[in-house]
Each structure stands twice: as C-alpha cells, then as structure tokens.
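Residue numbers (our numbering), protein chains in the order written: chain A, 435 to 629; chain B, 369 to 737.
For every residue, glycine included, the Cβ atom is placed at its ideal position computed from N, Cα and C.
Below: the structure, in structure tokens.
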Amino acid sequence: MDTIEVIKNWIDKESQVLDLGCGDGNILNILTKELGVTALGVEINQENLNECINLGLNVIQQNIDEGLSNFSNKSFDVVIMSQTIQVLKEPKQALLEVTRIGKESIVTIPNFGHWATRLNLLLSGRMPVTGALPNNWYDTENIHLCTIKDFEVLCSECGIDILEKRFFNGSGKEKGLTQIVPNAFAATAIYKISK
Amino acid sequence: MDDSLGFVEASKITLNGSLDLECGKTLKTVELVYETYGSLNSDASNAILICHALSGNHHAAGKYKGDKRPGWWDSLIGPGKAIDTNKFFVVCPNNIGGCHGSIGPSSINSETGDYFGPDFPIITVKDWVRSQAMLSDCMGIDRWHAVVGGSLGGMQALEWSRLFPKRIKKAGIIAAAPKLSAQNIAFNEVARQAIVNDPDFNEGRYLDKNTSPKQGLKLARMVGHITYLSEEAMRSKFGRELREEKLNFGFDAEFEIESYLRYQGDVFSENFDANTYLIMTKVLDYFDPASECNGELADAFKSIEAQILVVSFSTDWRFSPERSKEIVNALIEAKKNVSYLEINSPHGHDSFLFNEQDYVKGLASFLKN
C-alpha cells in the first residue's frame, strides 16, 4: 500500500476535504474521483493553481504562513497537509490550525532521521543532500525539517492525539526495518491526528 | 493563429414583456443592444454572458468597420483566447440605463415622446440580471455555461449565481467587491457632484435644452480614471514627465499625467451620457447582497450552485484583493464551489482588461471544463 492508498483508506466517502498546500491537485483529484469527496485546495504557486483549475478542482490562492483564520473551526471532515509542514515558517502554528479546522487531519512528513540523512551528515560533515532532500541548505524550500520523533513530541506538546501512523521507505513501501525502527529507516511518515 | 474576431456588428432586440424594477417602477418596453461572437451549439450549452462595467458597453470584442480600436475586452475574447470564440458563443449586451443603444436616459420615453433624461429610473444590479435573463429567454439559452465580468461586471456575475442558480454553470467574478466601501462611494459622489453642478446639466434635461454637461462628465471621468490605475502604473507611464521640458509657472497642463487625464476626460465626455454615468455610479453604490441577510454575506450566498472563480489583482486599490477575499471566504463558509486567484499585475483596477498570462490561463482553464 502506498501513501495515497493509506490516505484513501483514512477518508470516508463524500467527506469534505481541505488540502493545505495541495500542489498540482494530485491527491484531491484522486479523492474526488474515487471517493466523491468535496474538495478544496489551498496553494500558492501559480502553475500549480492553474493545474488544479484545469482538473476542475476548487483551489484558493493563499499563503498558509499568513494565517488560516478564514477557515472556521471543524469546518472540514479532513484536512490534509502533505509534504508541506517543513516548508512553512510557523510549522507549530500550522499544525494547531490544521487540527482546529479539521475534525481529523492527515499530515505527511519527510523523516530527517532517516539513516541516509544521518550517514550523509556524519560522513561529509555537511548538511545532507540526498534523493529525498536534493537541494543545498541555502536553496532548499525545506526550512523546518524534523524527524519522526520530533514530530510526535510536538504533537504531544500541542495536545494533539495521534490516531494512526504509517511509515514508508524510500520506495514508498511499508516493509522491513521501516516498521521496526521507523525513525531511522522510514523516509516518509503519515499521521492521522486530531485535537 | 489569427486571434482576431475581425469585423463585428451589434444587434437590437425588444424583450418579451415589461420589467419590474427594484425601485418599484416598471419599464414597459425594454430594448437592448448586444453583440455575439462565435456560434451557439445545437443544445445551447456553450453560451457565455459577458457583463460590462461602469463605462463599458456591448462592444466587447472585434472591430466595427472603420474603427481602429477593438472592443473593450478584445484582449480576452476571440478565437483561441481565454474566452475562446471557437468553442463558446459569447453574448455581451449593453445594460439598461446605458447610452449606447439599450434603453436608458438618452432614449425617448414612448409614453411622453420626450427623452427620459433624469426621469429614467435608478437601476440596480438585480434589474440588470433580470433583464439579461429575459434576453437569455429570447435567445433560447436556458443555462449559461458561464457568466463573466470585471468590476461592476463581476458583481453582475455574482448576482446571476445568486438569483438564477439553475441557469448558470460557472461565474467568473473578476476585480469585484461584495459591496462598495465608504471610500468607493466617496469617489462616486465626487463624480456625481461634478456632473450635476455643471451649468449645462440643466437638472438632467440637457438633451431637451440642447446643452451637454461635458465639463462635469470630464471631471467625473478624470477622478474615476485615477482610481483605475495603480500608483505604480502611473509612475512608470508618466512619472513627472513634462510636456515641454520646463516649468511654465502657469495652470495649463504641464505634466504628462495632466494632459493624459484631460484627454481621457475629453474623449469620454464626447461619447458618454451624463445621466447614464449618474445611474451607473448608483448601481455600484447600492450593490450589497449581504444587506438582504442581516449583513451575513455567507447567508446571501446560500442559493448559489455555480462553480465560481474569483480573481483579484495585486495593485488594484479600487477593489483590492482583500475585497475579493471577502467574497471567497463567504463562499467557503457557505460551502460553495469556489476558486481564487490573486494575480500579480502592475495595472491597478484596469488589470482585468489586460492580457496577463496567469490571469488569462486561469480563466481559460476555468471556462473550458
């Protein structure tokens, strides 16, 4: 099962779904077609916005870092934030907002604790550049990377409940050591959370 | 690809029946001029209604024979353009109260045989939308693929989606606002005062007296024009350029911006009717759908079924992006289908008339499905 399959399994048919940082609308498009959800995306990149509109998706041009106060409490069944939290200026605030707006939320993070990242830093003594993190420290969009442990600590500090979690290796598979020592072997983690 | 519509012609139609206006008066016969571009398909499902803004009219695209300049939205309407006339049948009427052929203050009142002049009733956005719905009936269009407009035109598109939810699939609301601010109304009032205080206004009966309040209309247009441009656009286009490279220590037009505004005002006052201008500003001032629902905009949007695209422009200070966001956020709250684009453009409020790439692409994508 890949990440999108997991997300699909965690969302009920015909739910109201908000995807914060929806990119080109790939996830929302699949959810709309396969689950008949009512979808709304939030995105900042003009090309991505146009892609979403092209797919017939509803999408709002808005900078998540400038606040989400236009979305009222528990106004969506599910809020998705996939591979987005690490590019935000205020990830903690965003996490609180996500759980305020959604009855449940699904957050996907890249795991900075992955062994390849650790090894890269250990051996080269420089900020890791890996397949999952291909840019140099000075030109990466990822300004707030965290490990699986970090994320779970933040959730606990914020009083956010982790309802479910799944871990994937670099090929998007859930197998082997990824499941035993996720903080060292998972490339990606998906959480279902609520507050 | 040739993206020009070539030569176009206007048509005239008398609508079936009378029109009861929001002010309580009735227009017994309603004559509208309009233009169409492209062809209506067999099930009449490809029609797009274009709503014009304050000083606009039915001549949205293409050229009249002998004219150098095309219609006001030619940058967006034509073969292969954002509003693609190869796919869509595009209709643009001149609104009632206008001065380019549809019934308005400069028309003859059939009951009296005189010009309507100042007796022409005050119109509202709702009246316009109802008259446009009557036009749709005459044309055999049950449901518009889309209703699209900029500024005051966007307000009509929004009202269409509220008033006739079953008759509109999509609404393009561009550079608009859910209601005018005090500052917006203030600018309109300056324009109105300029007109009614022109000695040639003759309490609106200038056509009977064979005069024309051109000075007042010119001033009104000059004030309006300033609000359509951004500070940035004005600075880059005119800066402090002088017409004669030196100061003349007088009150003639010395700076380029002065001469530009005077010229724009002169051209406008030759081609526009003062009573129409007064009515158009009132239409703007009165527009306020939320007022029907105790100020709750989201409640005013309950009836909407259309898919909506709201577009704003970064340098528009007349109807700033914040004003568009009020519409967007109320639509989100009302759980309606809405998309929103905030386009970077230097042209201020007038941006909606320009061929900005992101804007054109977004609108084209929105309309195509």
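8 Å CB neighbourhood of residue i in its chain, flanking five on each side removed
i, result
"residue 628 of chain A", "533, 536, 537, 538, 539, 594, 595 and 597"
"residue 521 of chain A", "455, 575, 576, 577 and 578"
"residue 369 of chain B", "Low per-residue confidence applies at residue 369 of chain B: pLDDT is 45, beneath 50, and the placement is therefore not dependable enough to give any value."
"residue 524 of chain A", "499"
"residue 612 of chain B", "622"
"residue 575 of chain B", "474, 483 and 485"
"residue 640 of chain B", "423, 467, 585 and 589"
"residue 461 of chain A", "438, 441, 453, 514 and 516"
6 Å Cβ shell around residue i - same chain, five flanking residues per side excluded
i, result
"residue 587 of chain B", "562"
"residue 412 of chain B", "508 and 509"
"residue 404 of chain B", "459"
"residue 542 of chain B", "518, 522, 679 and 720"
"residue 611 of chain A", "619"
"residue 531 of chain A", "502"
"residue 625 of chain A", "541, 596 and 599"
"residue 472 of chain A", "450"
"residue 548 of chain A", "621"
"residue 609 of chain B", "624"
"residue 505 of chain A", "535"
Selection from the options that minimises the alpha carbon distance to residue i
i, options, result
"residue 461 of chain B", "B:446, B:500 and B:492", "B:500"
"residue 598 of chain B", "B:485, B:494, B:687 and B:708", "B:687"
"residue 685 of chain B", "B:380, B:692, B:704 and B:716", "B:716"
"residue 623 of chain A", "A:603, A:592, A:565 and A:610", "A:603"
"residue 566 of chain A", "A:606, A:541, A:494 and A:556", "A:606"
"residue 675 of chain B", "B:455, B:550, B:736 and B:471", "B:736"
"residue 484 of chain B", "B:647, B:681, B:403 and B:611", "B:647"
"residue 700 of chain B", "B:451, B:713, B:667 and B:689", "B:667"
"residue 661 of chain B", "B:607, B:698, B:566 and B:473", "B:698"
"residue 526 of chain B", "B:734, B:546, B:634 and B:398", "B:546"
"residue 573 of chain A", "A:580, A:581 and A:563", "A:563"
"residue 503 of chain B", "B:384, B:474, B:694 and B:651", "B:384"
"residue 580 of chain B", "B:618, B:732, B:474 and B:663", "B:474"
"residue 426 of chain B", "B:372, B:463 and B:451", "B:463"
"residue 516 of chain B", "B:495, B:450 and B:566", "B:450"
"residue 513 of chain B", "B:551, B:416 and B:704", "B:416"
"residue 382 of chain B", "B:436, B:418 and B:505", "B:505"
"residue 600 of chain A", "A:587, A:621 and A:591", "A:621"
"residue 615 of chain A", "A:587, A:592 and A:581", "A:581"
"residue 524 of chain B", "B:497, B:372 and B:695", "B:497"
"residue 394 of chain B", "B:471, B:729 and B:709", "B:471"
"residue 550 of chain B", "B:656, B:629, B:398 and B:418", "B:656"
"residue 707 of chain B", "A:476, A:441, A:561 and A:544", "A:476"
"residue 552 of chain B", "B:577, B:595, B:436 and B:538", "B:595"
"residue 645 of chain B", "B:380, B:453, B:572 and B:663", "B:572"
"residue 529 of chain A", "A:459, A:608 and A:586", "A:586"
"residue 703 of chain B", "B:454, B:732, B:438 and B:670", "B:670"
Close beta carbons around residue i, own chain, < 7 Å, minus the five adjacent residues each side
i, result
"residue 407 of chain B", "457"
"residue 583 of chain B", "566"
"residue 556 of chain B", "649, 652 and 653"
"residue 589 of chain B", "632, 633, 636 and 637"
Identity of the residues DSSP links to residue i by a beta bridge
i, result
"residue 468 of chain A", "In DSSP, residue 468 of chain A forms no bridge with anything."
"residue 512 of chain A", "A:451 and A:538"
"residue 512 of chain B", "B:536"
"residue 446 of chain B", "B:452"
"residue 600 of chain A", "A:624"
"residue 675 of chain B", "B:538"
"residue 460 of chain B", "B:403"
* Asked: Looking at C-beta atoms only, is the number of pairs between the stretch 525-534 of chain B and the stretch 559-576 of chain B that lie closer than 8 Å three or more?
  -> With the cut-off at 8 Å, the stretch 525-534 of chain B and the stretch 559-576 of chain B do not touch.
* Asked: Is the stretch 460-476 of chain A touching the stretch 443-451 of chain A in the sense that three or more CB pairs, one from each, lie closer than 8 Å?
  -> Touching, yes, given that three or more Cβ pairs across the two stretches are closer than 8 Å.
* Compile a chain-ordered list of the residues in the stretch 463-488 of chain A whose CB is closer than 8 Å to at least one CB of chain B. => 472, 474, 480, 483, 484, 486, 487 and 488
* Taking Cβ-Cβ distances below 7 Å as the criterion, which residues of the stretch 715-726 of chain B are in contact with chain A? -> 726
* At a cut of 8 Å, does the stretch 603-612 of chain B reach the stretch 721-734 of chain B through at least three beta carbon pairs? -> no
* Asked: Given 8 Å as the limit, is there contact between the stretch 423-432 of chain B and the stretch 374-388 of chain B, that is, 3 or more CB pairs closer than that?
  -> yes
* To do: For the stretch 492-516 of chain A, enumerate the residues whose C-beta is nearer than 8 Å to any C-beta of chain B, in chain order.
  => Cβ contacts with chain B come from 492, 493, 494, 495, 496, 504, 505, 506 and 509.
* Below 8 Å between beta carbons is the criterion; list the residues of the stretch 642-670 of chain B that meet it against any residue of chain A, in chain order. => none
* Asked: According to a CB-to-CB cut-off of less than 8 Å, which residues of the stretch 693-706 of chain B neighbour chain A?
  -> 693, 696, 697, 700, 701, 703, 705 and 706
* Counting Cβ pairs closer than 8 Å, one from the stretch 485-504 of chain A and one from the stretch 435-442 of chain A, do we hit at least three? -> no
* Looking at C-beta atoms only, is the number of pairs between the stretch 383-392 of chain B and the stretch 473-492 of chain B that lie closer than 8 Å three or more? -> yes
* **Interface residues of the stretch 425-455 of chain B facing chain A [CB-CB below 9 Å]** => none
* Residues, ordered as in the chain, of the stretch 566-587 of chain B that lie near chain A by beta-carbon distance below 8 Å -> Those residues of the stretch 566-587 of chain B that come within reach of chain A (Cβ to Cβ, closer than 8 Å) do not exist; the list is empty.
* **Selection of the stretch 472-494 of chain B by Cβ proximity to chain A, strictly under 7 Å** => Per Cβ criterion, the list is empty.
* Name the residues in the stretch 590-616 of chain A whose C-beta lies less than 9 Å from a C-beta of chain B; which are they? -> none
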